[in-house]
């Protein structure tokens with residue numbers, strides 16, 4: 100068996116959400132869908148969790164990112180977290196809008212530190228009462244739950260920023276501002292392509308040029324089907340529940356695949372820099388293939404030139 104440093108599962112456990120954010124990257128795909136289009140079937144999440152545990156022996160560390168719409172709407176989310184926590188090498192990143200977090204916090208505490216909660220604030224859609232409730236939750240559990248906070252940096256008003264400042268000030272936790280990315284629904288594809296240059300320049304420039312940390316990335320859908328490969332070239336493979344350990348080696352490539360894009364919005368490597376750079380070093384990739392070139396915007400270029408001129412003439 101080919102045992103790897105890390106195996107990454109991105110799991111869309113349910114394609115339903117209790118919010119309707121205008122900037123949702125999953126709009127029309129994993130969120131804001133008609134009821135007849137929803138793929139989630141209650142109970143299928145238990146089979147997926149058991150299969151992940153069955154396959155986790157293929158890597159030293161397994162990261163399960165439970166994400167997309169609102170995971171805490173899944174009927175058996177408590178049981179899923181308990182199943183995944185059975186394996187010593189599994190770390191769970193639970194992405195949630197925090198609306199239902201109070202109901203599950205004691206279960207998460209029980210499984211700590213195996214569960215990391217990544218709270219997406221969506222501050223524009225919440226009032227002061229919600230903010231007070233979240234502040235109370237954070238202060239009560241921040242020492243017993245691994246907790247990170249994020250906010251999509253899109254059309255934030257002064258009032259929104261005041262609310263965010265209050266959360267940081269009263270809780271002592273930083274808020275990571277996430278770059279806005281166009282929704283990847285079919286209807287948004289043409290709009291996104293027309294703004295390609297503008298959008299690509301907004302992505303963090305330190306992401307790697309070799310994908311998936313050098314190991315395998317799996318995108319598991321709510322109905323139990325999965326995709327495997329690069330973020331931008333994933334192909335539907337089949338049923339994740341039918342994967343067998345005896346044939347799993349075919350999904351564990353011997354080398355890291357090179358991203359076909361010049362600048363990529365993929366966020367897989369950004370969560371595990373250490374594993375990414377360790378792998379690149381072990382496999383001997385040159386620097387130009389592991390770090391994207393720096394994107395310099397016009398305003399930044401002008402500032403650099405002015406600074407250079409000042410340095411040159413102030414010496415005389």
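In the numbering used here, the protein residues as written are 100 to 415. The beta carbon of each residue, even a glycine, is placed where N, CA and C say it ideally should be. If you're wondering where the values come from, they're calculated on a predicted model, not measured in any experiment.
Query raised in the report: With 16 other CB atoms within 10 Å as the buried threshold, where does residue 208 fall?
Result: Within the chain shown, numbered from 1, the residue matching residue 208 stands at position 109. The residue in question, residue 208, is exposed, as its Cβ has fewer than 16 Cβ neighbours within 10 Å.
Query raised in the report: Mapping DSSP to helix, strand and coil, what is residue 117?
Result: Here residue 117 corresponds to residue number 18 of the chain shown, with the count starting at 1. Residue 117: coil per DSSP, three-state reduction.
Query - residue 119 burial status per 10 Å Cβ neighbour count (16 or more: buried) - result: Within the chain shown, residue 119 is the residue found at index 20, counting from 1. Burial call: exposed.
Query raised in the report: What do you reckon, are the CB atoms on residue 184 and residue 112 nearer than 8 Å?
Result: Against the chain shown, residue 184 aligns to sequence position 85. Against the chain shown, residue 112 aligns to sequence position 13. Not closer than 8 Å, so no.
Query raised in the report: Could you give the residue range of the alpha helix (DSSP H) that holds residue 136?
Result: Looking up residue 136 in the chain shown gives position 37. Premise fails: residue 136 is in no alpha helix (DSSP H) and is neither H nor E.
Requested in this report: With DSSP collapsed to three states, give me the class of residue 280.
Outcome: For the purposes of this step, residue 280 is taken as the residue at position 181 of the chain shown. In this structure, residue 280 counts as coil in the three-state DSSP scheme.
Query raised in the report: For residue 245 and chain B, any beta-carbon pair shorter than 8 Å?
Result: This model lacks chain B altogether, as it is built from one protein chain only.
Query - Range covered by the alpha helix (DSSP H) that runs through residue 236 - result: Residue mapping note: residue 236 aligns to position 137 of the chain shown, counting from 1. Looking at the DSSP string, the run of the alpha helix (DSSP H) that includes residue 236 is 227-240.
Query raised in the report: Hey, how far is the Cα of residue 383 from the Cα of residue 349?
Result: Position 284 of the chain shown holds residue 383. Position 250 of the chain shown holds residue 349. Computed Cα separation, rounded: 23 Å.
**Report entry** In chain order, each beta strand (DSSP E) run of at least 3 residues that lies wholly inside the region 144-183
**Finding:** 158-165
Query - Own chain partners of residue 204 with C-beta closer than 6 Å, once the 5 adjacent residues on each side are dropped - result: Within the chain shown, numbered from 1, the residue matching residue 204 stands at position 105. Excluding residues within five positions, the ones whose Cβ falls inside 6 Å are 240.
Query raised in the report: What are the partner residues of residue 324, as DSSP defines its beta bridges?
Result: The residue labelled residue 324 in the question sits at position 225 within the chain shown. In the DSSP output, where bridge partners are listed per residue, residue 324 has 338.
Query - Reference residue 140; option with closest CA among 324, 194 and 131 - result: By 1-based counting over the chain shown, the position of residue 140 is 41. For the residues 324, 194 and 131, the minimum Cα distance to residue 140 belongs to 324.
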